[in-house]
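Chains as they are written, first to last, in our numbering: chain A, 376 to 1147; chain B, 2 to 153.
C-beta atoms are modelled at their ideal positions from N, C-alpha and C, and glycine is treated no differently.
This report concerns only the one structure given below.
Following this line, the structure appears as structure tokens:
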């Protein structure tokens, strides 16, 4: 009986794959009727299912599959063309077979439902044009067909209508023998025939891969996690010894562990095509029901990500795809009026970028009506009209992700999208991803998802607050600021009791970790006898689109941590993402930055205001106080760069400069940083080239994950200045000129820098992701 | 008559038992990482050979007063949600008891014990309370929730 169970299990898994293939192929074939081999593949798959279930004694399932197969064979023989009705009926059959398979999995038999209606539809379609074709003939065509060679021999029991009555008693071979008798191919070696299911597919696939239980992989992953922890422990303990051979062994262990970790991680990787494969069907059905024509295209199907992530993005992706078809792409009539091809185009694109996976969903529909979005957002009180008027377009689009922006009934009135968009966003953010949206009126919209490759092992920053350690995932980390305790009050200011910090001219709301989690001051007061007066360390974090500063007592270290889920008793606490075990064997909680921000009442509205404030500051930037970095170019040139764009200042020997693709680059913190010479950038201004002094000074500019080093002659000064009106400059790269420190200074146009950086789009944010 | 084996332990004056097969192990007091914002019944998290285990303070779970310098024992039990540790005063023996001395909990019993005990074995000279492991590990998942429960 156990053998039988295994056979059924195998059949279920196999059939599920086959059905997915059939679905894909059917939709594919509908669009490309000239591809006969696609049809052959559909036929093979259905046939295999039919054959196996007759062998296993599922007569209802077999009879349904048989009806579908007969219809298919007519199409294959060219007696019928694959019409939309036929395709729909066949797809319904796939659904019905799925339901039966589910019944088999749960109850052990193929259910009570006969699907007579569906069978009637299938039969009616067969007879629609070729009433004369007898089933007998069809059977013969099957028997004579080229597929026979690779088919399941048990199919012949269908022809004989001799259903196997003695399933229980007879052994596998005994049952095969009589079934094989009437066949002309009975001289086939039995060994080959006794593996009916495996035969239908190419031998290469079965030979080179094995099916592994996900549970086993999870277990292996856990064990690797343990090993990473143990390695960290050994690494820490070893510093006490000075035995070089021990050190060598430890390094080797470390290396092997890393490789092992990567290897196991790879086994859990799945191609995103696995979840995409159901979209053609989704799109087809939805498009038909709304009377649209949509073609789905996919790029980068083979892009891989962790299985848990695949599962997590499945629903949000489906939602977005449905949205694009439902709301994005217009009806054929509207499309023709707008001068677009009848058929709408939906493009799914996936690719790796800097340790993350990007997934884009692009449609060429009507785009999102921004005015309408704003109208609704104001109506619903998500923003005020005044705030909205100050927001740039990309942020206005982002409003559709706001909770409370829409409920189902409002959205039907909107020409844009919105059903449950906040849920999509929350789900993506839950796994440490982000979602962006761009839309061009009349041209279509693009949703861009960024998700990490894996969740199990992440780099994290360890901090201490109120004597407890906490881990903060590094994806949320922007920077660390240390504030001198003596001068603390000069840096940290209060607005109605809420502390803020001026970070390069922008206000950063501050949150005290110990206060939020309630390990409050009394503890420190009790133990140390005094309240720690001010912040010492600010961890600048990105939650959502907002930044905030988390004040902690101590910043310890960064470490690769293994994320472990919390028990049921603690699941409801939104400020933790899990826990991990540190090198010293103690458990440390991992902060969920988003949940934490919510807990700390960094609510959207407040943040909106804070940001609106920032924006108005930047709009009037020319008059307002600005922090500028003054650099020297050539012999006399003085150029000012706004400090808010600058990530770091560096001085490096000339020898580190290398060339990549004709571009000067340096290796910088584990990534390749393109370097451009300011004198070249501003070539038209007639500056001299930089002097060769053996070393060079470089201003690292960062924007949205892109980085570039600007090579300058010398870094002169950083100063706060109120710029008067600029003297407009016609020179590219120069915003204008102003008098700074009694000397005329050019203000650099940062946008120009990005336009001149050939590598600027490559590998953004790779620095944060090294070692992921 | 069927007999069952119970791992027994004491909390305050109460004598409890958990079916032996549900018990993963019994260990001494461990280092705990406190979980701020969690229910006070959750004493913290401990590292049990690489597994992170939530420890539930049975004294607090049963509304019993805290003890000074409490060095609780951990009774680690297997549940559907993984291992959970119950912090108890003292460990007793593993007892084999016959089902014919089992009775349901008298209805007059009030307080938290009522919620977490499924039955009573009438042993010689003492009563063994059978812990409902599913109930005993279900605690409010944060401070806020606990207050809501109290208010309700």
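Status (buried if at least 16 other CB within 10 Å, exposed otherwise) for residue i
i	result
residue 363 (chain A)	This structure cannot speak to residue 363 (chain A), because chain A is shown only from 376 to 1147.
residue 1054 (chain A)	buried
residue 404 (chain A)	buried
residue 1084 (chain A)	buried
residue 105 (chain B)	exposed
residue 966 (chain A)	buried
residue 55 (chain B)	buried
residue 1 (chain B)	A query on residue 1 (chain B) cannot be resolved here, the shown segment of chain B reaching from 2 to 153 and no further.
residue 30 (chain B)	exposed
residue 776 (chain A)	buried
residue 450 (chain A)	buried
residue 709 (chain A)	exposed
residue 428 (chain A)	buried
residue 402 (chain A)	buried
residue 39 (chain B)	buried
Host beta strand (DSSP E) of residue i (start-end)
i	result
residue 1156 (chain A)	The structure shown does not extend to residue 1156 (chain A), since chain A spans only 376 to 1147, so no value can be given for it.
residue 456 (chain A)	Where residue 456 (chain A) is concerned, there is no enclosing beta strand (DSSP E), given that its DSSP letter is neither H nor E.
residue 869 (chain A)	867-870
residue 922 (chain A)	921-927
residue 946 (chain A)	Where residue 946 (chain A) is concerned, there is no enclosing beta strand (DSSP E), given that its DSSP letter is neither H nor E.
residue 1077 (chain A)	1070-1078
residue 83 (chain B)	83-89
residue 774 (chain A)	It is not in any beta strand (DSSP E) - residue 774 (chain A) carries neither H nor E in the DSSP assignment.
residue 48 (chain B)	43-49
residue 106 (chain B)	Segment: none, residue 106 (chain B) is in no beta strand (DSSP E) and carries neither H nor E.
residue 1084 (chain A)	1081-1087
residue 74 (chain B)	74-80
residue 953 (chain A)	951-956
Assigned secondary structure, residue i (DSSP; H/G/I helix, E/B strand, else coil)
i	result
residue 843 (chain A)	strand
residue 593 (chain A)	helix
residue 20 (chain B)	strand
residue 676 (chain A)	coil
residue 10 (chain B)	strand
residue 670 (chain A)	strand
residue 690 (chain A)	helix
residue 718 (chain A)	coil
residue 1013 (chain A)	strand
residue 1046 (chain A)	strand
residue 712 (chain A)	helix
residue 1179 (chain A)	Past the edges of chain A, shown from 376 to 1147, lies residue 1179 (chain A), and the structure says nothing about it.
residue 745 (chain A)	helix
residue 759 (chain A)	coil
residue 464 (chain A)	helix
residue 612 (chain A)	helix
residue 391 (chain A)	helix
residue 1052 (chain A)	strand
residue 325 (chain A)	As displayed, chain A neither begins before 376 nor continues past 1147, which places residue 325 (chain A) out of reach and without an answer.
residue 834 (chain A)	strand
residue 70 (chain B)	coil
8 angstroms contact criterion, which residue i and residue j should meet: CB distance rounded
i	j	result
residue 856 (chain A)	residue 915 (chain A)	6 angstroms
residue 93 (chain B)	residue 9 (chain B)	4 angstroms
residue 819 (chain A)	residue 693 (chain A)	Not a contact, Cβ separation roughly 19 angstroms.
residue 130 (chain B)	residue 22 (chain B)	Going by Cβ atoms, the distance from residue 130 (chain B) to residue 22 (chain B) rounds to 18 angstroms, so no, they are not a contact pair.
residue 807 (chain A)	residue 850 (chain A)	5 angstroms
residue 600 (chain A)	residue 937 (chain A)	4 angstroms
residue 1020 (chain A)	residue 1076 (chain A)	5 angstroms
residue 134 (chain B)	residue 78 (chain B)	6 angstroms
residue 1148 (chain A)	residue 1092 (chain A)	Absent from the model: residue 1148 (chain A). The displayed extent of chain A is 376 to 1147, so no value can be given.
residue 1017 (chain A)	residue 1070 (chain A)	Their Cβ separation, rounded to whole angstroms, is 25 angstroms, which puts residue 1017 (chain A) and residue 1070 (chain A) out of contact at 8 angstroms.
Residue range of the unbroken alpha helix (DSSP H) whose run includes residue i
i	result
residue 1127 (chain A)	1125-1130
residue 811 (chain A)	Not the alpha helix (DSSP H): residue 811 (chain A) falls in the beta strand (DSSP E), residues 809-815.
residue 116 (chain B)	113-117
residue 421 (chain A)	411-431
residue 638 (chain A)	619-642
**OP:** Specify whether the region 820-832 of chain A and the region 674-685 of chain A touch according to this definition: at least 3 beta carbon pairs, one from each stretch, less than 8 angstroms apart.
**Re:** Judged by Cβ distances under 8 angstroms, the region 820-832 of chain A makes contact with the region 674-685 of chain A, as three or more pairs qualify.
Subject >> Cβ contact check for the region 434-450 of chain A and the region 480-498 of chain A: 3 or more pairs under 8 angstroms >> reply: Yes: the two stretches touch, three or more of their Cβ pairs being nearer than 8 angstroms.
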